[in-house]
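Beneath this line is the structure, given in C-alpha coordinates, with notes to follow.
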Amino acid sequence: MILSAAEIIRRLDQNNPPGRLVIRPYNRECQQPASYDLRAADDMNLSCGTCTLIPTLEWVELPMDLAGTLRCRSSFGRRGVLLGAGFVDPGFRGQLTLCLTNLGKEAITVRKNDRIAQMILYEVRNPRETYGGRYQDSHGAVEAR
3 MILSAAEIIR
13 RLDQNNPPGR
23 LVIRPYNREC
33 QQPASYDLRA
43 ADDMNLSCGT
53 CTLIPTLEWV
63 ELPMDLAGTL
73 RCRSSFGRRG
83 VLLGAGFVDP
93 GFRGQLTLCL
103 TNLGKEAITV
113 RKNDRIAQMI
123 LYEVRNPRET
133 YGGRYQDSHG
143 AVEAR
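If you're matching positions, the sequence shown starts at 3 in the numbering used here and goes up one per residue.
Written out as C-alpha coordinates, the structure is:
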(Lines of atoms letter the chains of each structure in order from A and count residues from 1; the text may use other names and numbers.)
(Lines give C-alpha, C1' and ligand atoms only; values in the text may rest on other atoms or scores of the structure.)
Protein backbone atom coordinates (compact mmCIF):
# COMPACT_ATOMS: atom_id res chain seq x y z
CA MET A 1 0.00 0.00 0.00
CA ILE A 2 1.30 3.46 -0.92
CA LEU A 3 1.12 5.98 1.92
CA SER A 4 -1.09 9.02 1.37
CA ALA A 5 -0.10 12.53 2.43
CA ALA A 6 -2.32 12.21 5.50
CA GLU A 7 -0.60 8.96 6.52
CA ILE A 8 2.88 10.39 5.91
CA ILE A 9 2.04 13.38 8.11
CA ARG A 10 0.55 11.09 10.79
CA ARG A 11 3.72 8.95 10.76
CA LEU A 12 5.87 12.10 11.13
CA ASP A 13 3.95 13.11 14.27
CA GLN A 14 6.15 13.38 17.39
CA ASN A 15 3.36 11.81 19.44
CA ASN A 16 3.66 8.52 17.55
CA PRO A 17 7.19 7.28 18.49
CA PRO A 18 6.82 3.57 17.59
CA GLY A 19 7.06 3.29 13.84
CA ARG A 20 7.82 6.99 13.51
CA LEU A 21 8.95 8.30 10.14
CA VAL A 22 11.59 11.08 10.07
CA ILE A 23 12.01 13.56 7.22
CA ARG A 24 14.13 16.48 8.43
CA PRO A 25 13.79 19.29 7.53
CA TYR A 26 10.19 18.68 6.59
CA ASN A 27 8.59 21.25 4.27
CA ARG A 28 4.82 21.23 3.75
CA GLU A 29 5.31 22.48 0.16
CA CYS A 30 7.20 19.25 -0.63
CA GLN A 31 4.30 17.06 0.53
CA GLN A 32 2.42 15.62 -2.43
CA PRO A 33 -0.83 13.56 -2.32
CA ALA A 34 1.06 10.23 -2.34
CA SER A 35 4.77 11.15 -2.19
CA TYR A 36 7.27 13.58 -0.72
CA ASP A 37 9.59 15.74 -2.87
CA LEU A 38 13.24 15.55 -1.88
CA ARG A 39 15.47 18.58 -2.36
CA ALA A 40 19.10 19.03 -3.42
CA ALA A 41 21.49 19.70 -0.54
CA ASP A 42 23.95 21.63 -2.74
CA ASP A 43 24.30 23.52 -5.99
CA MET A 44 25.45 21.09 -8.69
CA ASN A 45 25.97 21.03 -12.44
CA LEU A 46 24.62 18.04 -14.38
CA SER A 47 26.95 17.73 -17.37
CA CYS A 48 25.64 16.00 -20.48
CA GLY A 49 26.20 12.25 -20.57
CA THR A 50 27.47 11.87 -17.01
CA CYS A 51 26.14 10.55 -13.73
CA THR A 52 26.32 13.08 -10.90
CA LEU A 53 25.85 12.12 -7.25
CA ILE A 54 23.73 14.62 -5.34
CA PRO A 55 22.81 14.28 -1.65
CA THR A 56 19.32 15.16 -0.54
CA LEU A 57 18.84 18.06 1.84
CA GLU A 58 16.57 15.83 3.90
CA TRP A 59 17.72 13.37 6.53
CA VAL A 60 15.38 10.37 6.28
CA GLU A 61 14.69 7.61 8.81
CA LEU A 62 12.38 4.82 7.75
CA PRO A 63 10.85 2.62 10.43
CA MET A 64 10.89 -1.14 10.08
CA ASP A 65 7.49 -1.25 8.34
CA LEU A 66 8.17 1.32 5.58
CA ALA A 67 10.21 1.19 2.37
CA GLY A 68 10.59 3.85 -0.29
CA THR A 69 11.15 4.20 -4.00
CA LEU A 70 12.73 7.26 -5.55
CA ARG A 71 11.62 8.77 -8.84
CA CYS A 72 12.99 11.71 -10.75
CA ARG A 73 10.56 14.63 -10.75
CA SER A 74 8.98 15.04 -14.16
CA SER A 75 10.32 18.60 -14.50
CA PHE A 76 13.84 17.10 -14.65
CA GLY A 77 12.78 14.01 -16.59
CA ARG A 78 11.40 16.20 -19.37
CA ARG A 79 14.87 17.70 -19.71
CA GLY A 80 16.49 14.27 -20.11
CA VAL A 81 17.50 13.51 -16.53
CA LEU A 82 17.32 9.91 -15.29
CA LEU A 83 17.51 8.84 -11.65
CA GLY A 84 19.31 5.61 -10.76
CA ALA A 85 19.52 3.68 -7.47
CA GLY A 86 15.95 4.32 -6.42
CA PHE A 87 15.08 2.07 -3.46
CA VAL A 88 15.22 2.81 0.28
CA ASP A 89 15.11 -0.20 2.62
CA PRO A 90 13.21 -0.32 5.92
CA GLY A 91 15.41 0.93 8.76
CA PHE A 92 17.53 3.23 6.58
CA ARG A 93 18.81 6.42 8.25
CA GLY A 94 20.67 9.24 6.55
CA GLN A 95 20.80 11.60 3.63
CA LEU A 96 19.98 9.87 0.37
CA THR A 97 22.48 9.95 -2.50
CA LEU A 98 20.73 10.48 -5.83
CA CYS A 99 22.45 9.27 -9.01
CA LEU A 100 21.31 11.73 -11.69
CA THR A 101 22.33 11.16 -15.32
CA ASN A 102 21.79 13.98 -17.81
CA LEU A 103 20.91 12.52 -21.22
CA GLY A 104 19.74 15.89 -22.49
CA LYS A 105 21.47 18.18 -24.96
CA GLU A 106 22.41 20.88 -22.44
CA ALA A 107 24.05 21.01 -19.03
CA ILE A 108 21.54 21.52 -16.22
CA THR A 109 22.16 23.51 -13.07
CA VAL A 110 20.60 22.20 -9.87
CA ARG A 111 20.34 24.71 -7.06
CA LYS A 112 20.27 23.95 -3.36
CA ASN A 113 16.64 23.39 -2.27
CA ASP A 114 15.47 22.44 -5.80
CA ARG A 115 12.94 19.62 -5.61
CA ILE A 116 14.61 16.91 -7.67
CA ALA A 117 13.14 13.54 -6.68
CA GLN A 118 9.94 12.07 -5.27
CA MET A 119 10.00 9.52 -2.45
CA ILE A 120 7.03 7.17 -2.53
CA LEU A 121 6.53 5.28 0.73
CA TYR A 122 5.12 1.76 0.96
CA GLU A 123 3.97 -0.30 3.89
CA VAL A 124 6.02 -3.48 4.46
CA ARG A 125 3.96 -6.35 5.85
CA ASN A 126 5.43 -8.58 8.59
CA PRO A 127 8.86 -6.89 8.70
CA ARG A 128 11.67 -8.91 10.24
CA GLU A 129 14.85 -7.26 8.98
CA THR A 130 16.06 -3.70 8.60
CA TYR A 131 18.83 -2.07 6.61
CA GLY A 132 22.29 -2.13 8.14
CA GLY A 133 24.58 -1.58 5.14
CA ARG A 134 27.43 0.81 4.44
CA TYR A 135 25.14 3.74 3.59
CA GLN A 136 23.53 3.79 7.05
CA ASP A 137 23.82 7.24 8.68
CA SER A 138 25.08 8.78 5.40
CA HIS A 139 26.03 12.44 5.29
CA GLY A 140 26.49 14.04 1.88
CA ALA A 141 26.96 12.13 -1.39
CA VAL A 142 28.42 8.69 -0.78
CA GLU A 143 30.42 7.11 -3.61
CA ALA A 144 30.14 3.39 -4.47
CA ARG A 145 32.93 1.10 -3.30
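Note that beta-carbon positions come from the ideal geometry of N, C-alpha and C, so glycine has one too.
- Around the CB of Q138, fewer than 16 other CB atoms lie within 10 Å, so the residue is classed as exposed.
- Boundaries of the alpha helix (DSSP H) around E9: 7-14.
- Under the DSSP assignment, G86 falls in the beta strand (DSSP E) whose first and last residues are 83-86.
- When the Cα atoms are used, L68 and R22 turn out to be separated by approximately 10 Å.
- In the DSSP assignment, no residue is bridged to A109.
- If you draw a 10 Å sphere on the C-beta of F94, you find 16 or more other C-beta atoms in it, and that means buried.
- The three-state reading of DSSP puts E131 in coil, since its state is none of H, G, I, E or B.
- With contacts defined by Cβ atoms closer than 8 Å, I110 and V144 do not form a contacting pair.
- When DSSP states are grouped into helix, strand and coil, S140 belongs to the strand group.
- Counting C-beta atoms within 10 angstroms of its own C-beta, F78 has 16 or more neighbours from the protein chains shown and is therefore classed as buried.
- N115 is a Cβ neighbour of L59, given a cutoff of 8 Å.
- Annotated three-state conformation of G93 is coil, per DSSP.
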